Amino acid sequence: MPSLPALPHLLRSSTSLQARRLERAAAEGRLIRVHPGVYVRAADWAGLLPEQKHVLQVQAASTSLLSRLVFSHESAAAVHGLPFLSGTPKPVHVTDPERERGQRWAGVVKHAGPLSDLEIEVVDGVQVTTLARTCVDVALTCLFADGLAMVDAALAGGIVTHDDLVRLLADRPTARRRASACRLIEFGSPKAGSAGESLARLRLFELGAPQPSLQEPFDDADGLIGFVDLWWEEFGIALEFDGDHKYTNPRYANGRTPAQIALDERKRERRLLAHPRVRTVVRSEWRDLLQPIRLRSALAAEGLPFGRPRPTIAT
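Just so you know, we're using this note's numbering here: the sequence shown kicks off at 874 and counts up by one.
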């Protein structure tokens, strides 16, 4: 997977004269203030993905915070490269192991709670919670679907395991929303290929669909066709999620234009439909996940049986 472009240079003032110049440039729209006293060129800012913008805010804040503060929760998730379903947060999140209660101040959300040295690491020069600790934090505090997308991505990376997360969560027996976090971690899968697939799996569970296989491989005489996002062997039904990331995110485009990506997808689908195990391919988009009845209708029309809707897994 190709890496994203390097983040732009941050501009800080070392004198009052420089500070006034930076403030004036920001007022004129040439600079963007990412943290008090820290700026970036507006043209550079406009070209960043939302996750990159938040990482830049973390880097900007890192030099002005006390050394005991560790970037955590959604901010650590952004630094670790985890996906966001509901958008990146505007405030920066840190954990203060010396505080007994949380606090919000100057664009920084401070979480209180113990933090061991084994749960801290340095990533790109920034002190953050480890990937495993970050997953447990977001499982406890984020919306269920958002936390699931992050946990799935972390598990898919192979650095953390279910057992790692279960052990860390066991160390926090009195945490709020612990039962929901337990269900989230149990539901997490290392096979989800994207945040959209994570959400699709959750919505299908809630709709009462049979459990699908994830990232099922298919081959033909020409070699590997690819991996199907969700697959029901008994019914010969493949579900493919067409998220915008396939066409706009450099991580997935791999140097191809949107037109080339669309052509490759059509060729891939023709090969799938010619496979003897595949009866049909159903395609879904973000709007189907935001209105799950659309997803249910499309799959039911192709013969996928649905049981009674399940209570949301997040309750």
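For every residue, glycine included, the Cβ atom is placed at its ideal position computed from N, Cα and C.
Please read these numbers as outputs of a predicted model, since none were measured by experiment.
Cα-Cα separation, E971 to P987: 8 Å
Minimum C-alpha distance to R1050 - residue among M1023, F1017, A951, R1156: F1017
8 Å Cβ cutoff met for F1114 and A1073: yes
Bridge partner(s) assigned by DSSP for H966: V982
Validate contact between the segment 971-985 and the segment 1028-1035 using beta carbons, cut 8 Å, 3 pairs: no
Cα-Cα separation between M874 and G1128, rounded to whole angstroms: Annotation note: pLDDT 35 at M874 (below 50); position unreliable, no value reported.
Proximity below 8 Å, CB of R1152 to CB of G1180: no
Run of the alpha helix (DSSP H) containing A1010, from where it starts to where it stops: Looking at the sequence shown, residue 1010 is not Ala but Asp. Note, D1010: alpha helix (DSSP H), 1004-1014.
Environment of K963 [buried if 16+ CB atoms lie within 10 Å]: exposed
Identity of the residue in K1064, D1093, F1091, V996 nearest V952 by Cα: V996
Within 8 Å, strictly: CB atoms of L895 and L883: no
Closest residue to M1023 among A1068, R1160, T888, A933 (Cα-Cα distance): A1068
Local Cβ density within 10 Å of I1166, reported as buried at 16 or more and exposed below that: exposed
F1078 - containing alpha helix (DSSP H), residue span: 1068-1080
Residues bridged to P994 [DSSP beta-bridge criterion]: Inspection of the sequence shows that residue 994 is occupied by Glu rather than by Pro. Answer is V1001.
Neighbour flag for T936 against chain D, beta carbons, 8 Å: Absent from the structure: chain D. Only one protein chain is present.
Expected contact under 8 Å - CB spacing of S1071 and D1025 to nearest Å: 4 Å
L938 and V967 closer than 8 Å at C-beta: yes
For G1096, three-class secondary structure by DSSP: strand
Buried versus exposed call for R1150 [16 or more other C-beta atoms within 10 Å across all chains shown]: exposed
Alpha-carbon to alpha-carbon, L955 and T1014: 15 Å
Which listed residue (D1093, S1086, A1094, I1098) has its alpha carbon closest to that of E1106: S1086
Whole-angstrom distance between K1140 and L1168, CA atom to CA atom: 24 Å
Residue closest to Q932, alpha-carbon to alpha-carbon, out of P909, A916, A1174: P909
Between the CA atoms of V965 and P881 - distance to the nearest angstrom: 19 Å
Nearest-angstrom beta carbon gap, V1009 and A1054 [assumed within contact, 8 Å]: 7 Å
CA-to-CA distance, T1130 to S876, given in whole angstroms: Its pLDDT being 47, under 50, S876 is placed unreliably by the model, and nothing is read from it.
Residues near E1175 by beta carbon distance below 7 Å, same chain, minus five either side: I1110, T1153, V1155
8 Å contact criterion, which E947 and V1011 should meet: CB distance rounded: 7 Å
Beta-bridge partners of F1091, as assigned by DSSP: G1099
C-beta atoms of T961 and E1079 nearer than 8 Å: no
Closest by C-alpha distance to V943, when choosing among R903, S989, A900: S989
Burial state of L1075 (16 or more Cβ within 10 Å): buried
Per-residue burial, A879 [other beta carbons within 10 Å of its own, 16 or more giving buried]: exposed
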